[in-house]
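2 protein chains.
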Amino acid sequence: MYTDLMSTSERLIESTRDLLWERGYVGTSPKAILERAGAGQGSMYHHFKGKPDLALAAIRRTAEQLRAAAERSLEGPGTPYERIEAYLRREREVLRGCPIGRLTMDPDVIASDELRAPVDETLARIGELLAGIVEEGQRQGQFAPELDAGRIGATILATVQGGYVLARAAGSPAAFDTAVDGLLALLAPRTA
Amino acid sequence: MYTDLMSTSERLIESTRDLLWERGYVGTSPKAILERAGAGQGSMYHHFKGKPDLALAAIRRTAEQLRAAAERSLEGPGTPYERIEAYLRREREVLRGCPIGRLTMDPDVIASDELRAPVDETLARIGELLAGIVEEGQRQGQFAPELDAGRIGATILATVQGGYVLARAAGSPAAFDTAVDGLLALLAPRTA
Numbered sequence: 001m002y003t004d005l006m007s008t009s010e011r012l013i014e015s016t017r018d019l020l021w022e023r024g025y026v027g028t029s030p031k032a033i034l035e036r037a038g039a040g041q042g043s044m045y046h047h048f049k050g051k052p053d054l055a056l057a058a059i060r061r062t063a064e065q066l067r068a069a070a071e072r073s074l075e076g077p078g079t080p081y082e083r084i085e086a087y088l089r090r091e092r093e094v095l096r097g098c099p100i101g102r103l104t105m106d107p108d109v110i111a112s113d114e115l116r117a118p119v120d121e122t123l124a125r126i127g128e129l130l131a132g133i134v135e136e137g138q139r140q141g142q143f144a145p146e147l148d149a150g151r152i153g154a155t156i157l158a159t160v161q162g163g164y165v166l167a168r169a170a171g172s173p174a175a176f177d178t179a180v181d182g183l184l185a186l187l188a189p190r191t192a
Numbered sequence: 001m002y003t004d005l006m007s008t009s010e011r012l013i014e015s016t017r018d019l020l021w022e023r024g025y026v027g028t029s030p031k032a033i034l035e036r037a038g039a040g041q042g043s044m045y046h047h048f049k050g051k052p053d054l055a056l057a058a059i060r061r062t063a064e065q066l067r068a069a070a071e072r073s074l075e076g077p078g079t080p081y082e083r084i085e086a087y088l089r090r091e092r093e094v095l096r097g098c099p100i101g102r103l104t105m106d107p108d109v110i111a112s113d114e115l116r117a118p119v120d121e122t123l124a125r126i127g128e129l130l131a132g133i134v135e136e137g138q139r140q141g142q143f144a145p146e147l148d149a150g151r152i153g154a155t156i157l158a159t160v161q162g163g164y165v166l167a168r169a170a171g172s173p174a175a176f177d178t179a180v181d182g183l184l185a186l187l188a189p190r191t192a
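Below you can see the structure in the form of structure tokens.
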């Protein structure tokens with residue numbers, strides 16, 4: 001339940017964000033959203049066309065926040081390696097999974113071009129940021145020049161997304177850290 | 001629908017496996033299982049205690065097959081690097097996601113120690129196999145001796161699991177391959 005100071009449409013969006021993260025799109029019923037938001041059915045249809053429309057607003061907001069968090073780590077101070085490390089080690093609710101990545105396992109999200117778009121765009125944007133930082137590190141001699149920066153960016157992003165999977169399987173955030181530690185060892189700047 | 005030559009309990013298990021892969025546990029209703037299996041409600045409760053019991057049989061079988069497929073690639077011919085490459089590049093239905101990894105995003109699977117166990121054990125087993133091969137490669141001088149084999153095994157597994165996420169987000173298997181290519185470049189045997 002959310003504070004009465006929030007508008008009904010805000011409460012609906014925030015409730016939907018929570019439920020999508022916890023239970024996914026398929027597992028989130030309009031009834032559960034209304035209950036959590038403390039709103040009536042009429043108010044949902046007053047503000048949104050239905051569950052897909054409300055989910056789209058929720059996913060867009062979560063995507064925006066995830067992208068901003070990644071940018072904060074990646075555009076912070078330090079060498080390219082240090083910025084990648086900061087991104088990999090930034091505070092995460094690992095056992096909750098990635099609120100955006102988890103949606104890719106949701107058949108109704110993937111079947112809808114509209115719902116999938118913010119998921120795809122967010123991951124692509126973070127991948128591009130990572131690739132740019134790898135390139136910067138290559139220019140500075142931190143990373144081997146023969147590496148394809150776009151591919152390495154994808155590997156970094158995949159390790160994070162897969163790290164969530166391993167942590168949730170094991171029931172422990174340590175499994176995420178282990179995968180990240182391995183990647184950082186592979187990326188470690190050359191001392192040659 | 002499955003062939004009439006299969007027993008009812010077999011048809012129930014196979015239908016459940018398909019539906020878990022497609023829609024996850026939360027998205028799979030007993031009704032959908034019975035429809036796909038062409039079975040009546042009575043037959044499900046004759047063979048299984050209910051949806052969790054049937055899902056456990058289905059998940060165990062899928063886990064067993066996934067582990068066997070990983071073992072085939074990893075225990076095949078070639079150098080340690082080549083066997084890791086064979087595992088990473090083995091034929092996969094990338095856009096369907098990993099039938100085991102995807103279950104980690106399913107709240108009801110993760111909330112049940114019984115349903116989570118085969119998921120955890122399978123991923124842990126593949127991670128151990130990978131770590132063993134990395135160690136073998138270290139003994140042969142293919143991989144840097146300072147790497148922690150267990151961590152690198154986790155990174156390889158995470159890249160695969162995250163590769164599925166990226167591919168489903170992008171709607172293209174190429175995103176999986178890009179992440180794998182990056183990892184293989186980072187793992188490439190030292191020529192020194």
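Order-wise, the sequence lines are chains A and B. For the first sequence, counting from 1, position 47 maps to 47 in full-length UniProt numbering; every step adds exactly one. For the second sequence, counting from 1, position 145 maps to 145 in full-length UniProt numbering; every step adds exactly one. We put the beta carbon where it would ideally sit given N, CA and C, even for glycine. Note that the coordinates shown come from a computational prediction; the quantities given were computed from them, not determined experimentally.
Hey, is E35(B)'s beta-carbon within less than 8 Å of any beta-carbon in chain A? Here residue 35(B) refers to the residue found at position 35 when the second sequence is read from its first residue. Chain A contact via Cβ: absent.
Rounded to the nearest angstrom, what separates G27(B) and T155(A) at their Cα positions? As a first step, residue 27(B) is located in the second sequence; it is residue number 27 there, counting from the start. As a first step, residue 155(A) is located in the first sequence; it is residue number 155 there, counting from the start. Rounded to whole angstroms, the separation of the alpha carbons of T155(A) and G27(B) is 30 Å.
Using the three-state DSSP reduction, which class does I100(A) fall into: helix, strand or coil? In the first sequence, residue 100(A) corresponds to position 100, counting from 1. Coil.
For a contact meaning CB atoms closer than 8 Å, what does G97(A) contact in chain B? Within the first sequence, numbered from 1, the residue matching residue 97(A) stands at position 97. Chain B residues near G97(A): T104 and M105.
Can you name the residues of chain A whose CB is closer than 9 Å to the CB of E114(B)? Taking the first residue of the second sequence as position 1, residue 114(B) is located at position 114. In chain order: nothing, as chain A lies at least about 13 Å away.
For my contact list, A39(A) and R11(A) are in at a C-beta cut-off of 8 Å; report their separation, rounded to the angstrom. Counting from one through the first sequence, the residue named residue 39(A) turns up at place 39. Counting from one through the first sequence, the residue named residue 11(A) turns up at place 11. Their Cβ separation, rounded to whole angstroms, is 6 Å, which keeps A39(A) and R11(A) in contact under 8 Å.
Run down chain C in chain order and give the residues with a C-beta less than 8 Å from the C-beta of V26(B). Protein chains A and B are contained in the structure displayed, whereas chain C is not.
Just verifying my parser: in three-state terms, what is the DSSP assignment at E146(A)? Counted from its first residue, the first sequence places residue 146(A) at position 146. E146(A) falls in the coil class under three-state DSSP.
Less than 6 Å between C-beta atoms, sequence neighbours within five positions excluded: which residues of the same chain meet that for G127(A)? In the first sequence, the residue the question calls residue 127(A) occupies position 127. Hits under 6 Å: G153, A154 and L157.
Does L186(A) get closer than 8 Å to chain B when you measure Cβ to Cβ? Taking the first residue of the first sequence as 1, we reach residue 186(A) at position 186. With 8 Å as the cut-off, L186(A) counts as an interface residue toward chain B.
Indicate whether at least one CB of chain B lies closer than 8 Å to the CB of residue 210(A). Absent from the structure is residue 210(A), since the part of chain A shown begins at 1 and ends at 192.
What's the gap between the Cα of E93(B) and the Cα of R67(B)? One-based indexing of the second sequence puts residue 93(B) at position 93. One-based indexing of the second sequence puts residue 67(B) at position 67. Cα-Cα distance, rounded: 16 Å.
Amino acids of chain B, ordered along the chain, whose beta-carbon sits closer than 7 Å to that of L183(A): As a position in the first sequence, residue 183(A) is number 183, starting the count at 1. Within 7 Å Cβ-Cβ: T155.
Taking all protein chains shown into account, do 16 or more other C-beta atoms lie within 10 angstroms of the C-beta of A192(B), making it buried, or fewer, making it exposed? Along the second sequence, read from residue 1 onward, the residue named residue 192(B) stands at position 192. Residue confidence is low: A192(B) scores 46 on pLDDT, short of 50, so the model does not pin down where it sits. Its coordinate-derived value is still stated next. Classification for A192(B): exposed.
I need the straight-line Cα distance from G163(A) to A179(A), nearest angstrom please. Here residue 163(A) corresponds to residue number 163 of the first sequence, with the count starting at 1. Here residue 179(A) corresponds to residue number 179 of the first sequence, with the count starting at 1. Near 6 Å, if we compare the C-alpha coordinates of A179(A) and G163(A).
Three Cβ pairs or more, each shorter than 8 Å: is that satisfied between the stretch 93 to 106 of chain B and the stretch 13 to 22 of chain B? At 8 Å Cβ cutoff, the stretches touch.
For the candidate residues G24(B), R125(B) and Q41(B), whose alpha-carbon lies nearest to that of T8(B)? Here the question's residue 8(B) lines up with position 8 in the second sequence. By alpha-carbon distance to T8(B), the top candidate from G24(B), R125(B) and Q41(B) is Q41(B).
Out of curiosity, what's the CA-to-CA distance linking P30(B) and K51(B)? Taking the second sequence and counting its residues from 1, the one referred to as residue 30(B) is at position 30. Taking the second sequence and counting its residues from 1, the one referred to as residue 51(B) is at position 51. Those two C-alpha atoms are separated by around 6 Å.
Three-state class that DSSP yields for A39(A) in the structure shown: For the purposes of this step, residue 39(A) is taken as the residue at position 39 of the first sequence. Three-state result, A39(A): coil.
Compile a chain-ordered list of the residues in the stretch 48 to 78 of chain A whose CB is closer than 8 Å to at least one CB of chain B. none
Could you check the C-alpha separation between F48(A) and Y25(B) for me, to the nearest Å? Working through the first sequence from its first residue, we reach residue 48(A) at position 48. Working through the second sequence from its first residue, we reach residue 25(B) at position 25. Using only the alpha carbons, I get a separation of about 28 Å.
Residue environment, residue 219(A), which counts as buried when at least 16 other CB atoms sit within 10 Å: Any property of residue 219(A) remains undetermined from this structure, which presents chain A solely from 1 to 192.
So, for A69(B): in the same chain, excluding its five sequence neighbours on each side, which residues have a beta-carbon less than 8 Å away from its beta-carbon? As a working mapping, residue 69(B) is identified with position 69 in the second sequence. Cβ neighbours of A69(B) beyond the five flanking positions: R90.
At least one CB of chain A closer than 8 Å to the CB of D18(B): is that the case? Within the second sequence, the letter at position 18 stands for residue 18(B). Answer no: the Cβ-Cβ gap between D18(B) and chain A never drops below 8 Å.
Could you check the C-alpha separation between Q65(B) and A117(B) for me, to the nearest Å? Here the question's residue 65(B) lines up with position 65 in the second sequence. Here the question's residue 117(B) lines up with position 117 in the second sequence. Taking the straight line from one Cα to the other gives about 15 Å.
Suppose contacts are defined by Cβ-Cβ distances below 8 Å. Is L129(A) in contact with E35(A) by that definition? Taking the first sequence and counting its residues from 1, the one referred to as residue 129(A) is at position 129. Taking the first sequence and counting its residues from 1, the one referred to as residue 35(A) is at position 35. Going by C-beta atoms, L129(A) is not nearer than 8 Å to E35(A).
Give the C-beta separation of A144(B) and A131(B) to the nearest angstrom, bearing in mind that I take them to be a contact with Cβ-Cβ under 8 Å. For the purposes of this step, residue 144(B) is identified with residue 144 of the second sequence, where counting begins at 1. For the purposes of this step, residue 131(B) is identified with residue 131 of the second sequence, where counting begins at 1. With a Cβ gap of about 15 Å, A144(B) and A131(B) do not count as contacting.
Determine the closest residue to T16(B) out of S43(B), M6(B), L5(B) and L54(B), with distance taken between C-alpha atoms. In the second sequence, residue 16(B) corresponds to position 16, counting from 1. Looking at the Cα atoms, L54(B) is the closest of the given residues.
For Q142(A) and P189(A), which I take to be in contact (beta-carbon distance under 8 Å), what is that distance rounded to the nearest angstrom? As a first step, residue 142(A) is located in the first sequence; it is residue number 142 there, counting from the start. As a first step, residue 189(A) is located in the first sequence; it is residue number 189 there, counting from the start. That pair is a contact at about 4 Å.
If the criterion is Cβ atoms closer than 8 Å, does the pair R168(A) and I110(B) meet it? The residue you call residue 168(A) lines up with position 168 of the first sequence. The residue you call residue 110(B) lines up with position 110 of the second sequence. Yes. Within cutoff.
For chain B, check one thing: does any of its Cβ atoms lie closer than 8 Å to the Cβ of Q161(A)? Along the first sequence, read from residue 1 onward, the residue named residue 161(A) stands at position 161. Taking Cβ atoms only, chain B reaches closer than 8 Å to Q161(A), which makes this a yes.
Would R92(A) count as contacting chain B if we go by Cβ distances under 8 Å? Here residue 92(A) corresponds to residue number 92 of the first sequence, with the count starting at 1. Not a single CB atom of chain B sits nearer than 8 Å to the CB of R92(A).
Chain B within 8 Å of A111(A), Cβ atoms only: The residue you call residue 111(A) lines up with position 111 of the first sequence. False, the Cβ-Cβ gap to chain B never drops below 8 Å.
Proximal chain B residues relative to I152(A), where beta-carbon distance stays under 8 Å: If you number the first sequence from 1, residue 152(A) lands on position 152. The contacting residues are G182, A185 and L186.
Is E85(A) helix, strand or coil by DSSP? Locating residue 85(A) in the first sequence gives position 85, counting from the first residue. In the structure shown, E85(A) sits in a helix (DSSP, three-state: H, G or I).
Using the Cα positions of L183(A) and L115(B), report the straight-line distance between them to the nearest angstrom. As a working note, residue 183(A) is residue 183 in the first sequence. As a working note, residue 115(B) is residue 115 in the second sequence. Those two C-alpha atoms are separated by around 29 Å.
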